[in-house]
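Residue numbers (the working numbering): 2 to 399.
Heads up, the thing below is written out as structure tokens.
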Amino acid sequence: MKPAPVTSALTSARTVSPRTPDTATDSLSGRSVASAISPRKIIHCDCDCFYASVEMRDDPSLRGRPLAVGGRPDSRGVIATCNYEARRFGIHSAMSSALAVRKCPDLLIVPPAMDKYRAASRQIMAIYREYTELIEPLSLDEAYLDVTDATHHQRSATSIAAEIRARVAATVGVTVSAGVAPNKFVAKIASDWNKPDGMFIVKPHQVDAFVAALPVSKLFGVGRVTAAKLEQLGVRTCADLRDWEAVELHRHFGVFGQRLLELSRGIDSRPVRPDRERKSVSVETTYPIDLRTLADCAAEIPTLAAQLDGRIARAGAAAQIRKLFVKIRFADFQRTTVECMAVTPTVPALLALLEKGWARRAQPARLLGVGVRLVDGAGDAQPDLFAQPIEDAPHATC
Ligand code: TTP
Ligand code: MG
Ligand code: MG
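Listed below in structure tokens is the structure:
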């Protein structure tokens, strides 16, 4: 018996979740952050047959033939991965090596060399880091990148992903497939879409149709048991799932039922969580024409503050703020930073800091930055963003 169609707000045709839910309001304007900012740009990158790619890179004679990395067939070894030639024989990760050689007697199995894979991974992650700090590695060969605020390529996530793929291939010697989408779950599915050495883009307006056609087994958190249970209920695709009442799904799957409904509509607000402990969040702008007066600088603060709020929201850092700061780089390239204790980046507080900083040189400014320092940090900003200023007054209060 098919349940009645859902009549809750979840039936809304818009399925894209624009923002993380853990920042309900914008501290500067009082507006909901979710309504104030546009969809995120998430790239999911995953290397193609990673261990095998590294082996083929280091020994090109291994290319073009079925190759696996794993344990020996005669000692209960398993396949860690295999190249795409070997996959044609039905070989895959976690298969016993003994079975793999039965399926493909010509299969060459090389033992894993983890140090090489770790070194390649470090190189790849360093390339990602040139585009955004918001990187969440999932394994040696895989990461989410939030490039919503990245300024490369006129902010085109597609161009950024294409460049990253080309750079990894050229400098590390392995191929990466990428998915670009407004959230993690769709980006991860998209990176698999055109594997190997491919890329797939799901624009915000395409999420709804893209997700509707997906089998439920593709949903994050749906393993074999849940998929089988859904199948028994007559649910095969996300479109089928959308017909269900939340209460019915709750009856069958507990709290995961609500999550299932969201995912079936392409909603996934999980932020990209960087592994490194974040000590500060900041934004800065270098102006094409110097800002001549304090009033000119002050006029820029609301825009910077709004950008900062968006960035704090995406980093899920709103609850960790302990200080605000304003940075000014003057026309003569001298730099100053002023900060104060605070837990919310309000425009008046940032203006007060600006005024103090400006008074130190009273010169045209070529760059303004605003930021927050977070608890648990050592009190210093990330060094690549804000190197030690020459006239710092780190403990000024406002
Ligand atoms: P994956 O990204 O899952 O697989 P892959 O990169 O080999 O192939 P694909 O093109 O489908 O992405 O895993 C990355 C590496 O992790 C893989 O090269 C080897 C290792 N691995 C194991 O050791 N055991 C496993 O069961 C899996 C799935 C991966
Ligand atoms: Mg991979
Ligand atoms: Mg992977």
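Beta carbons: idealized from backbone N, C-alpha and C, even for Gly.
What did DSSP end up calling residue i once you bin it into helix, strand or coil?
| i | result |
| --- | --- |
| K324 | strand |
| C298 | helix |
| L68 | strand |
| D385 | At D385, the pLDDT of 29 sits below 50, so the modelled position is not reliable and the matter cannot be decided from this model. |
| V273 | coil |
| D147 | strand |
| L250 | helix |
| G380 | Here G380 scores only 32 on pLDDT, less than 50, and its place in the model should not be relied on; the value that follows carries that caveat. G380 falls in the coil class under three-state DSSP. |
| P216 | strand |
| R73 | coil |
| T82 | strand |
| L231 | helix |
| P183 | coil |
| F201 | strand |
Return the residue from the list the options that minimises the CA-CA distance to residue i.
| i | options | result |
| --- | --- | --- |
| S62 | R274, A360 and V111 | V111 |
| A366 | E301, L325 and V373 | E301 |
| D147 | D193, P74, V223 and R271 | R271 |
| P205 | P74, D310 and G267 | G267 |
| G65 | L109, R77 and L231 | L109 |
| S218 | L264, A247 and V248 | L264 |
| A307 | A360, V284 and Y132 | V284 |
| V343 | L354, F334 and R336 | Sequence inspection shows Ala at residue 343; the Val mentioned does not correspond to that position. Selected option, being the one with the closest Cα: L354. |
| A188 | T176, F201 and R77 | F201 |
| A182 | T172, N195, D193 and V208 | V208 |
| A99 | W245, P74, I290 and A120 | P74 |
Answer yes or no: the CB of residue i versus the heavy atoms of ligand 1, is any distance below 6 Å?
| i | result |
| --- | --- |
| F334 | no |
| T176 | no |
| S94 | yes |
| A81 | yes |
| Y52 | yes |
Could you tell me if the beta carbon of residue i falls within a distance shorter than 6 Å of some heavy atom in ligand 3?
| i | result |
| --- | --- |
| E137 | no |
| E143 | yes |
| D49 | no |
| S218 | no |
| S140 | yes |
Quick one: measure Cβ to Cβ for residue i and residue j, integer angstroms, because I've assumed they're closer than 8 Å.
| i | j | result |
| --- | --- | --- |
| L141 | S157 | 28 Å between Cβ atoms; not a contact. |
| V79 | G91 | Not quite, the Cβ-Cβ distance comes to about 15 Å (not below 8 Å), so this is no contact. |
| A101 | A81 | The pair is not a contact, with the Cβ atoms about 11 Å apart (cut-off 8 Å). |
* Which runs of the beta strand (DSSP E) fall wholly inside the region 84-129 and span at least 3 residues, in chain order? -> Correct list: 109-111.
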